[in-house]
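Quick note, my numbering runs 249 ahead of the 1-based positions in the sequence shown. Cβ coordinates follow ideal geometry from the N, Cα and C atoms, glycine included. Worksheet: one structure, shown below.
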Amino acid sequence: MKTIQILLLVTILFLGCSEEKNKTPEINQLNETPRVLDGKKSEGSFLRTKRYDENIIEKLYGEALGKNEKLETLNNLIKEITSDSLSDKTSNYIDYATINNRYWSTAKSYVNKLNDSIKKIEILAIFDKLETDYNKRIANHETKMDSIAVLKTKLSDQLILMKLFVTEPMIHNYQSNELPDIDELKSIIKDYEKAIENSKEYSKVRK
């Protein structure tokens with residue numbers, strides 16, 4: 250059941266990315282400067298704290314979650330799927346497979362202790378056949394474990410893509426709304442040029 254959920258989620262996310270160019274996400278409709286980047290709006294803003302080592306993507310993504318219920322629901326589902334509960338659900342089979350693998354390995358080491366070389370070959374063939382039969386019995390389980398591993402990787406990639414494409418419009422809003430007045434920079438240049446020019450009469454070699 251959980252595997253089906255993961256497949257559906259990955260499908261939804263991939264479809265969302267493919268439609269990105271043709272459909273403006275709800276989060277893109279927010280034209281304001283993100284709160285975490287606006288020192289005027291929040292005492293705990295990213296700028297006011299001056300902690301530039303903080304993860305700005307996670308800060309912006311966290312703000313987006315609070316503004317978009319659909320996104321927050323999806324994010325919570327991803328967290329649930331990738332939580333320790335998934336490990337708990339696979340632990341029984343992992344323990345089962347580990348015990349059996351240890352048995353086959355130990356059994357073969359016992360067979361190799363036989364002094365009778367003919368008997369050793371005969372018994373080793375028997376245990377190889379038993380192990381092959383066992384591997385056939387767990388083939389479906391192993392296939393499902395492989396699928397889970399692949400989906401886990403894909404979902405991890407999708408979460409990264411989500412964070413990038415959700416936060417990019419937010420930083421774009423910041424870039425558009427908060428670009429400082431260039432006249433301030435022009436004024437500094439003029440002050441430097443004036444100071445340099447005025448200093449010239451005091452920096453000449455007297456003859």
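{"Query": "Is it a yes or a no for the region 350 to 364 touching the region 419 to 426, going by three-plus beta-carbon pairs under 8 Å?", "Result": "no"}
{"Query": "Going along the chain, which unbroken runs of the alpha helix (DSSP H) with 4 or more residues stay wholly within the region 388 to 454?", "Result": "388 to 426 and 431 to 448"}
{"Query": "If you run the structure through DSSP and keep just helix, strand and coil, what is residue 331?", "Result": "coil"}
{"Query": "Restricting to Cα atoms, I'd like to know which of 446, 366, 286 and 383 is closest to residue 309.", "Result": "286"}
{"Query": "With a threshold of 8 Å on Cβ separation, who are the neighbours of residue 413 within its own chain once the five nearest residues in sequence on each side are excluded?", "Result": "306"}
{"Query": "Measure the Cβ-Cβ separation of residue 284 and residue 329 and say whether it is below 8 Å.", "Result": "no"}
{"Query": "How many Å lie between residue 303 and residue 416 at the Cα?", "Result": "15 Å"}
{"Query": "How long is the line joining the alpha carbons of residue 340 and residue 372, rounded to whole angstroms?", "Result": "32 Å"}
{"Query": "Any idea what DSSP makes of residue 349, helix, strand or coil?", "Result": "helix"}
{"Query": "According to the neighbour-count rule (16 or more other Cβ atoms, all chains shown, within 10 Å of its Cβ), is residue 324 buried or exposed?", "Result": "buried"}
{"Query": "Using alpha carbons as the reference points, say which of 441, 280 and 356 lies closest to residue 379.", "Result": "356"}
{"Query": "Can you tell me where the alpha helix (DSSP H) with residue 377 in it begins and where it stops?", "Result": "366 to 386"}
{"Query": "With DSSP as the reference, label residue 282 as helix, strand or coil.", "Result": "coil"}
{"Query": "State the Cα-Cα distance for the pair residue 435 and residue 442, rounded to the nearest angstrom.", "Result": "11 Å"}
{"Query": "Cβ of residue 246 within 8 Å of Cβ of residue 410?", "Result": "Because the chain spans 250 through 456 in this model, residue 246 falls outside it and cannot be assessed."}
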